[in-house]
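A.B. asks: Top line first, the protein sequences correspond to chains F and V. Last residue of the first sequence? That's 382 in the numbering used here, and every number before it is there in order. Last residue of the second sequence? That's 583 in the numbering used here, and every number before it is there in order. The C-beta atom is built at its ideal place from N, Cα and C for all residues, glycine as well. Following this message is one structure expressed as structure tokens.
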Amino acid sequence: MTATSRTGMTIPLTRTDTSVLSRWWWTVDKWSLFLLCGLTGLGLLMTSAASPAVAERLGLPPMHFVMRQALFVPPALLILFMTSMLSPRQVRRAAIVVFMLSVALLILTLFGGTEIKGARRWLSIGGTSLQVSEFVKPAFAVTAAWMFAARRMGEDIPGNIIATALLFVVLSLLLAQPDVGQTVVVVAVWFSQLFLAGLPMLWVALLVLVGVGGLATAYFVFPHVASRVDRFLNPQSGDTFQVDRALEAFMNGGLFGTGPGAGTVKAHLPDAHADFVFAVLGEEFGMFACLLLVAVFGAIVARGFIRALQDSDMFILLATTGLLVQFALQALINMASAVNLMPPKGMTLPFVSYGGSSILAIAFGMGMMLALTRRRPGEQT
Amino acid sequence: MIGKIRSFRSNHRRTHANPTRRRPCVPSKMLPADGPAREAIETGRTRLLITGAVIWAAFGCIGLRLVDLSLLHPAEEPSHAAVSERIETERADILDRNGVILATGLATASLYANPRRVIDPDEAGRQLASVLPNADATELAKRMRLDRTFVWLHRKLTPRQQWQILRLGIPGLDFQREEARAYPVGHPLAHVLGYVDIDNHGIAGVEKSFDDRLRGDREPLSLTIDVRLQHVMHAALSDAMKEFSAMGASGVILDIKTGEVLSLVSLPDFDPYRAGSADEEQLRNRATLDVYELGSAFKVFTTATALDTGVVAIDGGYDATKPIKIARYTIRDYHAKGRWLSVPEIFMYSSNIGSAKMAMDFGTEAQRDYLSRFGLLEQSPIELPEVGAPITPDIWRPVNTMTISFGHGIAVSPLQMASAVAAILNDGVYLAPTLVKREAGSPKPAGRRVVSRKTSDEMRRLMRLVVEQGTGKKADAEGYLVGGKTGTAEKQSGGSYARKKLISSFVGAFPMNAPRYLVLAVLDEPKGTKKTYNYATGGWVAAPVIKQVVERMGPVVGIAPVDPASPNLQAEMAVNVTSEGHTLASF
């Protein structure tokens, strides 16, 4: 990169530079790249702040989760950079490979997965456990985008039908675990792409109704969903311990927070380092830090969308949107749960929450997003 | 970048300007670069903007919520505060007749836990036990393991204890503000005021009888008690109890003119803060709950009845040469004179024979009637929960009439005794004893006449005579014109009377030219000392208490000593002791 920055004194020269790194550096969205790296750094910081208390409660060495997270960050960054160097065609191929692999592993999870609290979501491979559902989301986003784009651009394949069929495959595998949260994310990705692909507004309205119906069904089919919704709507109906504690954390933190490490909420919340990391941020670093984090997520989404708007390729438009909707929705669900704007739903905060599968998968997804939003001279309108 | 967006927007507008191209979902086999493909991209871009707007709105909501939580809520109490467990602990103050605070509330903190939030109950219990006295670590841990959201751990901490607990920093614990009842006077008023339970509900004494009033009204409750007189009586009784190794004592001071109880003491007493660890002997109010055969003090009633019914005049008398034998009893005199005795002599020498003969003269019906008038046959109407009922004979035979004439075979509470004697000295008008101060301007309590003015006047002279020349000389506080009557009764034990176990009392009043204050002292099982020649009778052990109390309270209540030898007073107190017209008071 230093080599390119030396030549980067004049832009036209670099455009003609043939080295891969140079081409990448001058075409990738450096703002997004910078913000994503910043998020990863914040993730390490927050893991160090929140996880020792959790580790201690589980009888593990205090730095257990910090060490593990530190172990996952270099490969995640590597995946982010490597993937972002791919061409759109390579991105598509990589996504399809990962998608097929993920579906296979999801099937395997259903039969050989570890059951935790009544759900089979984790697959044990060589001593490490893998949450396959994390990987299926970005892979599905790109694969479905390819199908929708093909159909939309008049290619002679039933793209919409294939994409929807793939959705149902993923859907049934996720609901079988069951994992309602991931299901919602995947459906939202699919829907946003279908929406962008020109779905008539009548159908949009109809599908929104179906979606609402689906959520209602989830309420009646899955007792744990019903229980969480009930407690959200009527806090008196059950134990709202986690949410109460999270809210207290934000109130306690105030504008500037109690200071790094000085928070108490992490001592009470079982998932302080993952699902409720936002509350730890709120308590120890305060409201302004939280607003900054929200702005960072918003900025990444905005940067990606702006890049996508400038592209005339349907596939890139849909794939970028799908990946960013997934990214934004995860962040939204995690943060909204922590501030009690919705029933609590276990969802990792991209790059910030502790979790190996999560950070590797999101790095893959954002790597693809960066790759797709790179400027391609000659292809732009 | 901005330029690019603008160019997109202009494209977008152009697209919509052409209505014929608005069928985005219609597929066509061949797509010219500038035809439906471009249109599809434009639609996608428009909808991407919508999607972006929705996502940004959602991020905006989270931002607003964060501002809401951090800025608008921080001062709020945590929503989980155990409101339902809040206890109303405030009570009105109790004051004495001069506004001295006898009972008040102090703000304290009580410790509770939300067990669901206590991380390590065992460790928390250990830490708390190191700070709280008498706390058991395992018991505390057990409470903190209950599946509830609220358990009390320790009520009413001292500020120091609260500080120590705060320093421990145990999560899941919190404090609740409560009022703790404080009794600044302590022991001397323990029986009158009573005490409250942990939730500040009155469960004894005035705290119980006025519980609703004290909890419902913030206005302080003023009692008739004068805390200075309470101390005087408490000190004098305590000294006597110690000196004569008595097992108990009680004392009453009444305002004869109003029926107000100025002092009410029962010994042994207790620490009102530790009522729970006091034993039954300490908790019992001997002045109102206990009933005693008070012995010769009852001759006040016998003599008053005889004079009032007119069976004998003050210059009359009876033959007291021989003991009376009735049924299996023999009635004899303690200070036997073995001769005919005048009524004043019978009274001042406390002759059982003479009193019994008086009683036989006016008869059982009159005795019952008068005792009832004096309020001795029913519970005292005092505003305390601890009031004993008198013990009277089931069947009132002549022998009962005789023994009751000198205070045996009937048991009344010391307060009943005090009120009855006060009635005789209040020009013969009975006033119900009360602990609640009358509000200024409210009408004087209506009493009921029990004996005539003349009887009252004769009784006041006779009672002065007892102190001047009879059995109660040790009660004579100089210059205060004390009058009264001694009482010594053998305690009943297992159906017979025990010679060594006495109830020794003295019911006194002063100044006897115009009786204003009644002072009663009762000692339970006093033992004689060398100084008293081993006597433990009322005249030897209780009369000195009266003297001490009168001497100390005189200046407090504003009564100046007078010269008893002054001719005016001599005339006011004159009594013909012998039927021959001998005027003893002129000696």
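Counting only Cβ-Cβ distances shorter than 8 angstroms, please list the residues of the segment 153 to 186 of chain V near chain F, keeping chain order.
C.D. replies: From the segment 153 to 186 of chain V, only 167 have a Cβ closer than 8 angstroms to chain F.
A.B. asks: Could you tell me how far apart the beta carbons of residue 229(F) and residue 199(F) are, in whole angstroms, since I believe they sit closer than 8 angstroms?
C.D. replies: Here the question's residue 229(F) lines up with position 228 in the first sequence. Here the question's residue 199(F) lines up with position 198 in the first sequence. With a Cβ gap of about 36 angstroms, residue 229(F) and residue 199(F) do not count as contacting.
A.B. asks: Just to confirm the assignment: which complete alpha helix (DSSP H) runs, minimum length 4, are found wholly within the segment 332 to 356 of chain V?
C.D. replies: You should have 339 to 344.
A.B. asks: With 9 angstroms as the threshold, decide whether the Cβ of residue 378(V) is near any Cβ in chain F.
C.D. replies: If you number the second sequence from 1, residue 378(V) lands on position 382. So no, residue 378(V) is outside the interface.
A.B. asks: Quick one: grab the DSSP three-state call for residue 326(V).
C.D. replies: Looking up residue 326(V) in the second sequence gives position 330. In the structure shown, residue 326(V) sits in a strand (DSSP, three-state: E or B).
A.B. asks: Helix, strand or coil for residue 318(V), going by three-state DSSP, please let me know.
C.D. replies: Within the second sequence, residue 318(V) is the residue found at index 322, counting from 1. Coil.
A.B. asks: My guess is that residue 213(V) and residue 88(V) are in contact by the Cβ rule of under 8 angstroms, so how many angstroms apart are they, rounded?
C.D. replies: Along the second sequence, read from residue 1 onward, the residue named residue 213(V) stands at position 217. Along the second sequence, read from residue 1 onward, the residue named residue 88(V) stands at position 92. At roughly 6 angstroms, the Cβ-Cβ gap stays under 8 angstroms, so residue 213(V) and residue 88(V) are in contact.
A.B. asks: Looking only at its own chain, which residues have a Cβ that is under 7 angstroms from the Cβ of residue 107(V), when we skip the five neighbours before and after it?
C.D. replies: On the second sequence, residue 107(V) is found 111 positions in, with the first residue counted as 1. Only 149, 150, 153, 161, 169 and 171 meet the Cβ criterion.
A.B. asks: Got a sec: which bits of the segment 39 to 51 of chain V sit with their beta carbon under 7 angstroms from any beta carbon on chain F, in order along the chain?
C.D. replies: Going along the segment 39 to 51 of chain V in chain order, one finds 39, 40, 41, 43, 44, 47, 48 and 51 with a Cβ nearer than 7 angstroms to chain F.
A.B. asks: Taking only beta-carbon atoms, is residue 60(F) less than 9 angstroms away from chain V?
C.D. replies: By 1-based counting over the first sequence, the position of residue 60(F) is 59. No, its Cβ sits nowhere closer than 9 angstroms to a Cβ of chain V.
A.B. asks: Starting from residue 440(V), trace the beta strand (DSSP E) both ways and give me its first and last residue.
C.D. replies: Within the second sequence, numbered from 1, the residue matching residue 440(V) stands at position 444. Note, residue 440(V): premise wrong, no beta strand (DSSP E); not H, not E.
A.B. asks: Output the residue ranges of the beta strand (DSSP E) runs that lie fully inside the segment 106 to 169 of chain V and measure 3 residues or longer, sorted by chain position.
C.D. replies: Counting only runs of 3 or more, we get 147 to 153.
A.B. asks: Taking the straight line between their C-alpha atoms, what separation do you get for residue 456(V) and residue 474(V)?
C.D. replies: Locating residue 456(V) in the second sequence gives position 460, counting from the first residue. Locating residue 474(V) in the second sequence gives position 478, counting from the first residue. Taking the straight line from one Cα to the other gives about 17 angstroms.
A.B. asks: Please find out if some non-hydrogen atom of the ligand HEM comes closer than 8 angstroms to the beta-carbon of residue 266(V).
C.D. replies: Judged by which ligands are present, the structure shown has none, so any question about the ligand HEM falls away.
A.B. asks: Where do the ends of the beta strand (DSSP E) carrying residue 20(F) lie?
C.D. replies: Within the first sequence, the letter at position 19 stands for residue 20(F). Residue 20(F) -> no beta strand (DSSP E), and no H or E assigned at all.
A.B. asks: Look at the alpha carbon of residue 307(F) and the alpha carbon of residue 375(F), and state the distance between them as a whole number of angstroms.
C.D. replies: The residue labelled residue 307(F) in the question sits at position 306 within the first sequence. The residue labelled residue 375(F) in the question sits at position 374 within the first sequence. The alpha-carbon atoms of residue 307(F) and residue 375(F) are separated by roughly 12 angstroms.
A.B. asks: Check each candidate in 124(F), 70(F), 272(F) and 174(F) and name the one with the smallest Cα separation from residue 335(F).
C.D. replies: On the first sequence, residue 335(F) is found 334 positions in, with the first residue counted as 1. Nearest C-alpha to residue 335(F): 272(F).
A.B. asks: Report the three-state DSSP secondary structure of residue 218(F) (helix, strand or coil).
C.D. replies: Sequence index remark: in the first sequence, residue 218(F) carries index 217 (1-based). Three-state DSSP puts residue 218(F) in a helix.
A.B. asks: For residue -3(V), which three-state DSSP category applies?
C.D. replies: The residue labelled residue -3(V) in the question sits at position 1 within the second sequence. In this prediction, residue -3(V) has a pLDDT of 38, which is less than 50 and means its spatial position is unreliable; nothing more can be read from the coordinates.
A.B. asks: If you measure beta-carbon to beta-carbon, which residues of the segment 50 to 67 of chain V are closer than 8 angstroms to chain F?
C.D. replies: Hits within the stretch, in order: 51, 52, 54, 55, 57, 58, 59, 61, 62, 63, 65, 66 and 67.
A.B. asks: Does the CB of residue 106(F) have a neighbour CB from chain V at under 9 angstroms?
C.D. replies: What you label residue 106(F) is simply residue 105 of the first sequence in a count that begins at 1. For residue 106(F), the answer is no, since every Cβ of chain V falls outside 9 angstroms of its Cβ.
A.B. asks: If I measure Cβ to Cβ from residue 550(V) and keep anything under 6 angstroms in the same chain, skipping five residues before and after, which residues do I get?
C.D. replies: Residue 550(V) sits at position 554 when you count from the first residue of the second sequence. Contacts found: 476.
A.B. asks: Under the DSSP definition of a beta bridge, which residues are partnered with residue 313(V)?
C.D. replies: Here residue 313(V) is taken as the residue at index 317 of the second sequence, counted from 1. Residue 313(V) pairs with 338(V).
A.B. asks: Checking contacts by CB at 9 angstroms: is residue 12(F) closer than that to chain V?
C.D. replies: Counting from 1 along the first sequence, the entry for residue 12(F) is found at position 11. Because residue 12(F) sits at a pLDDT of 46, beneath the cut-off of 50, its placement in the model cannot be relied upon, and the point is left open.
A.B. asks: Use the C-beta contact count for residue 123(V): other C-beta atoms within 10 angstroms, 16 or more gives buried, fewer gives exposed.
C.D. replies: Translated into positions along the second sequence, residue 123(V) becomes position 127. Residue 123(V) should be labelled buried.
A.B. asks: Give me the subset of the segment 222 to 233 of chain F whose CB atoms are less than 7 angstroms from a CB atom of chain V, sorted by chain position.
C.D. replies: The residues in question: there are none.
A.B. asks: Identify the continuous beta strand (DSSP E) that holds residue 123(F) and give its terminal residues.
C.D. replies: Counted from its first residue, the first sequence places residue 123(F) at position 122. Residues 120 to 126.
A.B. asks: Report the residue ranges of all alpha helix (DSSP H) runs contained in full by the segment 193 to 277 of chain V; include only those spanning at least 4 residues, in chain order.
C.D. replies: Entirely contained in the segment 193 to 277 of chain V, the alpha helix (DSSP H) runs reaching 4 residues are, in chain order, 201 to 205, 207 to 212 and 223 to 239.
A.B. asks: Could you give the residue range of the beta strand (DSSP E) that holds residue 189(F)?
C.D. replies: The residue labelled residue 189(F) in the question sits at position 188 within the first sequence. That residue, residue 189(F), is in no beta strand (DSSP E); its alpha helix (DSSP H) goes 181 to 197.
A.B. asks: Anything in the segment 257 to 271 of chain F with a Cβ closer than 9 angstroms to a Cβ of chain V? List those residues in chain order, please.
C.D. replies: Cβ contacts with chain V: 265, 268 and 269.
A.B. asks: Excluding the 5 residues preceding and the 5 following residue 319(F) in the sequence, name in chain order all residues of the same chain whose CB lies nearer than 7 angstroms to its CB.
C.D. replies: Along the first sequence, one-based indexing puts residue 319(F) at 318. Closer than 7 angstroms at the Cβ level, and outside the excluded window around residue 319(F), lie 146, 149, 150, 194, 197 and 198.
A.B. asks: Along the chain, where does the beta strand (DSSP E) that runs through residue 116(F) open and close?
C.D. replies: Here the question's residue 116(F) lines up with position 115 in the first sequence. Residues 115 to 117.
A.B. asks: Quick check: what's the CA-CA separation for residue 362(F) versus residue 277(F)?
C.D. replies: For the purposes of this step, residue 362(F) is identified with residue 361 of the first sequence, where counting begins at 1. For the purposes of this step, residue 277(F) is identified with residue 276 of the first sequence, where counting begins at 1. One C-alpha to the other measures close to 20 angstroms.
A.B. asks: Hey, how far is the Cα of residue 40(F) from the Cα of residue 301(F)?
C.D. replies: Within the first sequence, numbered from 1, the residue matching residue 40(F) stands at position 39. Within the first sequence, numbered from 1, the residue matching residue 301(F) stands at position 300. Their backbone Cα atoms lie some 10 angstroms apart in a straight line.
A.B. asks: Can you pull the chain V neighbours of residue 329(F), defined as C-beta to C-beta under 7 angstroms?
C.D. replies: The sequence position of residue 329(F) within the first sequence is 328, counting from 1. In chain order: 51.
A.B. asks: Where are the alpha helix (DSSP H) runs, 4 residues long or more, that stay fully inside the segment 279 to 349 of chain F, in chain order?
C.D. replies: Fully enclosed alpha helix (DSSP H) runs of 4 or longer: 315 to 339.
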